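Chains as they are written, first to last, in our numbering: chain A, 31 to 344; chain B, 31 to 344; chain C, 31 to 344.
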């Protein structure tokens, strides 16, 4: 594994999950493995869990993490090839990426989509510029279209909580939100859930189809009630429209899960990547009740990142 | 000691002072004590001394400090229980606190008061949400109503500079300022000075009474000249009105200490927590002269934090 | 060497270059040298290379670097001696410098010029306040008038790339820009290039003379074409006017280097400190072609900083 930016294959996924679960039991078992190695964590956007868990994962391996808030501490990045830089951007991404590649053994990058320039977002422009120019392994800390460390943590959480279930029914349900939200978490979750062999159903209001490259292999069921039936795990997430790119088509609050939604799925566990807008995306009732796995997902972010870093620095 | 958020009792205070003074002599004597332990330093407000001294204290114990500027790097926090989060806040404090509690062995929190919502400030809402939901020891890096690490450093400084004096006369004097300033430093200083058995007098213009829960045991003397008489230590601090909450009632510059104020207290030392507005709160003459202990207080912040962390991670 | 804020003498420069080149071969050879020592990196302005390379340099010596973004995380600094601080500044630089001096073994400071107050800039006010009050060694991470770590990295890069050339012809050429830019990089480069015995020619449009204290020993040639003839190294940099302080007199794009500028200097290498405004200061053609040394300069920033820290903490 050189980079970690997406789901690759089930064998690698199982290997990472197994390694993560070992680190969960003994987080410092490889404390000397990363000695003298450095990961640069480059943030072009805010972050709480990703920021903290990636640093901790690196420290657990004896690595030195260095955080750079590129958006606030560094220089405004120019993204366009061949640009005449006579406006507000100060440094071209290809120069910044190349320099950071000489400074670090691994680079971890967070770069959200524009949600306005669909073509640039779909080609995952910023992440791929780093891949192209940095010349070191790249880890995605959430890119324009994927959030693979989150999905790996989600797969770990599903495995931990489905010991008796052979092939759990997993439902990804759209939830209301007041802002236009990226597709990365939903895309990645679908990619990983199908890739890991789960039985995935996706439900959302009309007009909210995700990019089909991520949802193939999943059942699409626009009736949320039908979709939720017999669910073992329900992953809740808002996203903006993909076809009518970045637009909000619905804020229908009946899509927000409450206890009454689980009539036909009494044992279902509920997942969310956080941060969550309480009582908009998901009710207090669910988040504070026994169905919620959200804290376990967040905790598993450490061990997901640790497994990935460990595999990369071998 | 689980948390460190306020004065507890004189025996614990003396223990912490003694430990801090030992660390001042040999700062790395317990360099292996904190190995593999992590403190998350969560800032909702600016900080210089607290930020640097807490990191250094942790490193002196072999701990790994991780800084999170929640206000700038993370997500805007919702504070209200049961809120429908359809406005500007992105993450509920109870979710953030719980996640951070799973990531760190100790959490240190800076959260200033609103100075507009008196009820919320008085119950020290943000700090207590962390206490309630994080499930790990909490250290206050200045809360809405207290700044105990500052006060511990102040008590260390008084002890170091009063060897021959049995029960020093300590005066806390209000000073002018141009902005509405929190009560935390003044409250805590009163709480610790009385708690540690010092002879405390508080002086301020009319209308500047502090919350009485912090000042019991102190003499209140509104005549600054009388208050300063025979003082051994004079602690200078501005605060806004408490009763007429958060308001500025006086900017009377005669309250700013100059040499002439020390006619009847020739040996008095002057203290301030910094940052100080020179020639508004306190004159250059005093700050740059031999009475000033402000740099010693700042230095002792390291050893105060180190003693507290050391006690917590036992 | 107590401080590192400017060129001192050729013997010290050669020593630092030699040490840096050794660290480039074996970066962790002195990994125990800085154990228990701390460098505080204080940023009053943005930074990418300086921020990352200084941290890495410190870690390579076993030191603990702590970053403080004073402009964003700390308090607004008052610069004027004797100021009545009743406006927007919260802490006087002399208090902040003294505190930070008690917290760290070495302080590294980034403080750009105002470009409006020439007198304050010329006396390098902020840096010198730290020197005056911090009482520990000071490293400049770029001050109002110099950027010595950049220049040291530049000298290393010239040495590495001029093995067969006895006394390389080095040309510092002004380049267009859309904003008023400080003189620090140009000043320092001239100071170090002459100091290190290089044959330096400086070329710029009329009205762009640098402060003569930095350019003595260099040839000034206003005709860029003549200046570039037979150049071995061409250092490209914009700066604003010095005499008509901080003003932009020219944006003449013919000063931007393209391949056609190298007719009479076919072997010339091109240098720039980064960040670079592509196709404004320097063409893609040059930056992406074989003449460019800009990535090597950036990489050498680590070893320049490491040599300096190493010398200081002996």
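All C-beta atoms, glycine included, are put in the ideal place defined by N, C-alpha and C. Here the structure is a predicted model, which is why all the values come from computation and not from measurement.
Collapsed DSSP secondary structure at residue i in the structure displayed
i                     : result
residue 33 (chain C)  : coil
residue 301 (chain C) : strand
residue 122 (chain C) : strand
residue 98 (chain B)  : strand
residue 272 (chain B) : coil
residue 68 (chain B)  : strand
residue 108 (chain C) : strand
residue 42 (chain B)  : helix
residue 312 (chain B) : strand
residue 170 (chain C) : strand
residue 284 (chain C) : helix
residue 181 (chain C) : helix
residue 279 (chain C) : coil
residue 191 (chain B) : coil
residue 176 (chain A) : coil
residue 60 (chain A)  : coil
residue 291 (chain B) : helix
residue 339 (chain C) : helix
residue 132 (chain A) : helix
residue 328 (chain C) : helix
residue 82 (chain A)  : helix
Residue i vs residue j beta-carbon contact at 8 Å
i                     : j                     : result
residue 43 (chain C)  : residue 222 (chain C) : yes
residue 174 (chain C) : residue 276 (chain C) : no
residue 332 (chain C) : residue 86 (chain C)  : yes
residue 323 (chain A) : residue 132 (chain A) : no
residue 106 (chain A) : residue 128 (chain A) : no
residue 248 (chain A) : residue 233 (chain A) : no
residue 166 (chain B) : residue 135 (chain B) : yes
residue 207 (chain B) : residue 237 (chain B) : no
residue 340 (chain A) : residue 60 (chain A)  : yes
residue 315 (chain A) : residue 289 (chain A) : yes
residue 271 (chain C) : residue 244 (chain C) : no
residue 202 (chain B) : residue 265 (chain B) : yes
residue 335 (chain A) : residue 83 (chain A)  : yes
residue 88 (chain C)  : residue 66 (chain C)  : no
residue 68 (chain C)  : residue 47 (chain C)  : no
residue 140 (chain C) : residue 62 (chain C)  : no
Strand pairing of residue i, partner residues [DSSP]
i                     : result
residue 256 (chain B) : Answer is none; residue 256 (chain B) lacks a bridge partner.
residue 204 (chain A) : A:267
residue 229 (chain C) : C:199
residue 140 (chain A) : A:73
residue 157 (chain A) : Its beta-bridge partners do not exist; DSSP assigns none.
residue 91 (chain A)  : Answer by DSSP bridge pairing: none, since residue 91 (chain A) is not bridged.
residue 250 (chain C) : C:232
residue 322 (chain C) : C:300
Any non-hydrogen atom of the ligand PLP closer than 7 Å to residue i Cβ
i                     : result
residue 216 (chain C) : Among the ligands in the structure shown, none appear at all, so the ligand PLP cannot be discussed.
Min CB distance residue i to chain D below 8 Å
i                     : result
residue 228 (chain A) : Going by chain labels, chain D is absent from the structure shown, which instead holds the protein chains A, B and C.
Interfacial residues, the segment 141-173 of chain C to chain A, with Cβ spacing under 7 Å:
Within the segment 141-173 of chain C, contact with chain A at the beta-carbon level (separation under 7 Å) is assigned to no residue.
task = Could you run through the segment 181-196 of chain C and flag, in chain order, every residue whose CB is less than 7 Å away from some CB of chain B?
result = Flagged: no residues at all.
* **Contact list for the segment 316-339 of chain C against chain A, Cβ threshold 8 Å** => Within the segment 316-339 of chain C, the residues whose Cβ lies closer than 8 Å to some Cβ of chain A are 317, 324, 325, 328, 329 and 332, listed in chain order.
Contact between the segment 189-202 of chain B and the segment 215-232 of chain B (3+ Cβ pairs under 8 Å): Because the criterion of three Cβ pairs below 8 Å is met, the segment 189-202 of chain B and the segment 215-232 of chain B touch.
Practice task
Below 8 Å between beta carbons is the criterion; list the residues of the segment 73-85 of chain C that meet it against any residue of chain A, in chain order.
Solution key: Within the segment 73-85 of chain C, the residues whose Cβ lies closer than 8 Å to some Cβ of chain A are 73, 76, 77, 78, 79, 81, 82, 83 and 85, listed in chain order.
Exercise. Taking any Cβ of chain A, which residues in the segment 54-67 of chain C have a Cβ under 9 Å from it, in chain order?
Worked result: Of all residues in the segment 54-67 of chain C, 57, 58 and 61 have a Cβ within less than 9 Å of some Cβ in chain A.
Original post:
Given 8 Å as the limit, is there contact between the segment 47-59 of chain C and the segment 105-122 of chain C, that is, 3 or more CB pairs closer than that?
Top reply: Using a Cβ-Cβ distance cut-off of 8 Å, the segment 47-59 of chain C and the segment 105-122 of chain C are not in contact, since fewer than three pairs of beta carbons, one from each stretch, lie closer than that value.
| How about the segment 97-105 of chain A and the segment 72-81 of chain A: do they share at least three Cβ pairs that are nearer than 8 Å? | Yes: at least three Cβ pairs fall under 8 Å.
Mind the definition here: the segment 287-304 of chain B touches the segment 255-273 of chain B only if three or more C-beta pairs lie below 8 Å; say whether that holds. With the cut-off at 8 Å, the segment 287-304 of chain B and the segment 255-273 of chain B touch.
message = So if I threshold CB-CB distances at 9 Å, which residues from the segment 113-129 of chain A count as touching chain C?
response = So the close ones are 113, 114, 115, 116, 117, 119, 120, 121, 122, 124, 125, 126, 128 and 129.
Mind checking the segment 95-110 of chain A against chain C and listing, in chain order, the residues whose C-beta falls within less than 8 Å of any C-beta there?
Hits within the stretch, in order: 96, 98, 100, 102, 103, 104, 105 and 108.
- What residues in the segment 268-286 of chain C bring their beta carbon closer than 7 Å to a beta carbon of chain A? Those would be none; no residue qualifies.
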